[in-house]
Each structure stands twice: as C-alpha cells, then as structure tokens.
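What follows is a single structure, written as structure tokens, with notes after it.
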Amino acid sequence: MSQENVELLLRGYRAFVAGDLETIAELLDPDVEWVGIGEDALLVSRDVVLGVLAERVAEGYHVTVDRASGLGDRVVASMRFSRVELDETDARPLQSRRTFLIGRYAAVVTIRDGRVVCVEEHPHLASALAAVGLEDEVT
14 MSQENVELLL
24 RGYRAFVAGD
34 LETIAELLDP
44 DVEWVGIGED
54 ALLVSRDVVL
64 GVLAERVAEG
74 YHVTVDRASG
84 LGDRVVASMR
94 FSRVELDETD
104 ARPLQSRRTF
114 LIGRYAAVVT
124 IRDGRVVCVE
134 EHPHLASALA
144 AVGLEDEVT
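Under my numbering, think of the first position of the sequence shown as 14, with each following residue one higher.
What follows is the structure in structure tokens.
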C-alpha cells in the first residue's frame with residue numbers, strides 16, 4: 014500500500030507542476046484535514062485547498078520533490094520550492110531588482126481509499142520522519 018500512496022502523491026505533484034487542479038481535486042478528500050506547523054488540525058474543504066494551490070500556480074512557483082517515503086497509509090515528503098518575485102516599480106523586462114524566493118517544505122501526508130485525508134506540515138524533513146517514528150539516515 015505504501016508504494017501506491019507514494020505514486021498518488023507524485024501524481025498530485027505532477028498535476029501541480031502542470032497546473033492541473035482538476036486532477037488534484039480528484040486526489041483530495043472533500044474534508045481534508047490540514048495541520049500547519051505548530052497549529053491544531055483544521056478541517057478545510059477541498060475547494061479551499063484548491064484555491065491556495067491555484068494561487069501558487071498563478072504565482073509561478075516551481076516545486077521539486079526531493080524525497081517521498083511511504084509507510085503504510087502515510088507518505089513523508091520533502092520538497093523545494095522557488096519563484097522569482099519581480100519589482101513592480103521596475104517596468105524593464107530584464108529587471109535587476111528582482112528577488113528569488115527559495116524554501117523547503119516537509120509534510121506527512123495521510124492517504125485513505127485513494128484520497129489525501131490529512132496533510133501535516135513540518136519545518137524540516139527530520140521532524141516529519143520523527144512524526145512517523147523514523148530517523149533520517151542522512152546526518
């Protein structure tokens with residue numbers, strides 16, 4: 014089951030990269046639970062999650078999955094994201110004052126019956142692995 018869940022997560026990732034929110038909608042439970050870093054669990058509708066993802070697609074985020082490890086009905090994922098932020102006061106096409114946003118994201122994603130039912134965000138991969146009882150073998 015864990016390899017199938019990893020494949021489901023990667024299918025969602027590829028859909029995000031392609032801007033295919035319809036496929037992502039099919040992969041999310043209607044009442045997906047979202048747990049932000051240091052927050053309590055929050056039941057949100059699939060539409061809310063799709064709205065946030067649509068904003069990220071429109072903002073031109075580039076996302077790369079570094080790692081996806083399955084453990085039963087959970088997948089530990091580690092990703093990098095980046096985008097260019099243009100200076101709105103600079104009309105030149107090749108701006109010298111643009112900035113680059115780069116970050117990391119880790120999560121434990123729970124999948125049941127072929128749908129994502131919970132996403133638990135973590136500040137880094139080691140924290141996500143510890144949440145499922147694993148240790149990161151990379152030190």
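Cβ coordinates follow ideal geometry from the N, Cα and C atoms, glycine included.
- About 5 Å separates the CB atoms of alanine 81 and alanine 90; that is less than 8 Å, so the two are in contact.
- Measuring C-alpha to C-alpha distances from leucine 107 to each of Leu114, Leu99 and Leu55 identifies Leu99 as the nearest.
- Counting of Cβ neighbours within 10 angstroms places isoleucine 124 among the buried residues, the total reaching 16 or more.
- Excluding residues up to 5 positions away in sequence, Gly83, Leu84 and Gly85 lie with their Cβ nearer than 7 Å to the Cβ of serine 15 in the same chain.
- When the five nearest sequence neighbours on each side are left out, the beta carbons in the same chain lying within less than 6 Å of the beta carbon of proline 43 are those of Arg59, in order along the chain.
- The residues Ser95, Arg96 and Glu98, in chain order, have a CB closer than 7 Å to that of leucine 114 in the same chain once the five nearest residues on each side in sequence are set aside.
- Residue pairing by DSSP places serine 91 opposite Arg80 and Ala119 in a beta bridge.
- If you compare the alpha carbons of Ile50, Val65, His137 and Val122 with that of leucine 22, the shortest gap goes to Val122.
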